[in-house]
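Novice: Handing you this structure, nothing more for now.
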Amino acid sequence: MLIEAYKRGTIMNANQQVELGKLFFEDGIPGFGDLQFFLLKQEEESPFFLIQSAEEEEVGFWVVNPFVFFPEYEFSLTEAAKTALSIEEDTPIGVFVIITVRENQVTANLKAPIVVNLGKRMARQVILQDDRYSIRQPLLEPRAAVTE
């Protein structure tokens with residue numbers, strides 16, 4: 064269903080989008096280092112978010128909260144990442160992972176989550192040095208057809 068919606072361009076209905084605020088990526092997102100300002104949007108009652116460039120509207124990334132799909136997902140931030148995001152012990156943070164839709168599969172990049180300091184709206188994609196995680200982790204496991 065998600066793949067068909069993606070192909071039709073209807074994952075996120077423009078009339079039902081909720082803008083959740085701006086995000087500032089000081090170093091940009093890898094591959095888009097010159098873009099620093101993004102909008103975070105979500106369709107009502109959906110686990111999918113859109114991080115869309117405020118500088119180049121055609122640049123955007125579908126993301127999800129990884130803990131919804133991967134409850135065991137965990138990682139530690141380096142001191143450098145904490146400093147770059149002004150994260151202290153009591154700082155509220157959000158975590159997103161970029162998803163990719165290919166043919167008949169949706170994958171999540173668990174190797175490089177986007178971490179957001181929710182108080183300061185600062186964000187950064189961090190690359191984990193953890194071999195447990197993949198850049199192409201299947202988001203939804205294929206289900207066998209039910210026969211009666």
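So the sequence shown is numbered by the numbering used here: it starts at 64 and just counts up by one. Where is the CB? At the ideal position from N, CA and C, for every residue including glycine. Being a predicted model, the structure only gives us computed values, none of them experimental.
Hey, which unbroken runs of the alpha helix (DSSP H) at 4 residues or more fall wholly within the stretch 107 to 159?
Specialist: Within the stretch 107 to 159, the complete alpha helix (DSSP H) runs of at least 4 residues are 129 to 132 and 142 to 147.
Novice: Are the beta-carbon atoms of arginine 184 and lysine 104 separated by less than 8 Å?
Specialist: Going by C-beta atoms, arginine 184 is not nearer than 8 Å to lysine 104.
Novice: Around the C-beta of alanine 143, are 16 or more other C-beta atoms found within 10 angstroms, so that it is buried, or is it exposed?
Specialist: That one is exposed.
Novice: Using CA atoms only, rank isn't needed, just tell me which of Leu202, Arg199, Val179 and Leu203 is closest to isoleucine 114.
Specialist: Taking only the C-alpha atoms, the option nearest isoleucine 114 is Val179.
Novice: Under the assumption that phenylalanine 111 contacts phenylalanine 101 (Cβ atoms under 8 Å), give the Cβ distance between them as a whole number of angstroms.
Specialist: That pair is no contact at about 16 Å.
Novice: Using a Cβ-Cβ cutoff of less than 7 Å, which residues in the same chain neighbour glycine 91 once the five nearest sequence positions on both sides are dropped?
Specialist: Closer than 7 Å at Cβ, skipping near neighbours: Asp97, Leu98 and Gln99.
Novice: Have a look at the DSSP bridge pairing and note the partners of glutamate 187.
Specialist: The sequence given here places arginine at residue 187; glutamate does not occur at that position. Per DSSP, Val178.
Novice: Using the Cα positions of glycine 123 and glutamate 152, report the straight-line distance between them to the nearest angstrom.
Specialist: Cα to Cα, glycine 123 sits roughly 30 Å from glutamate 152.
Novice: So, at 8 Å on beta carbons, what are the nonlocal neighbours of threonine 146 in its own chain, with the 5 sequence-adjacent residues on each side left out?
Specialist: Cβ neighbours of threonine 146 beyond the five flanking positions: none.
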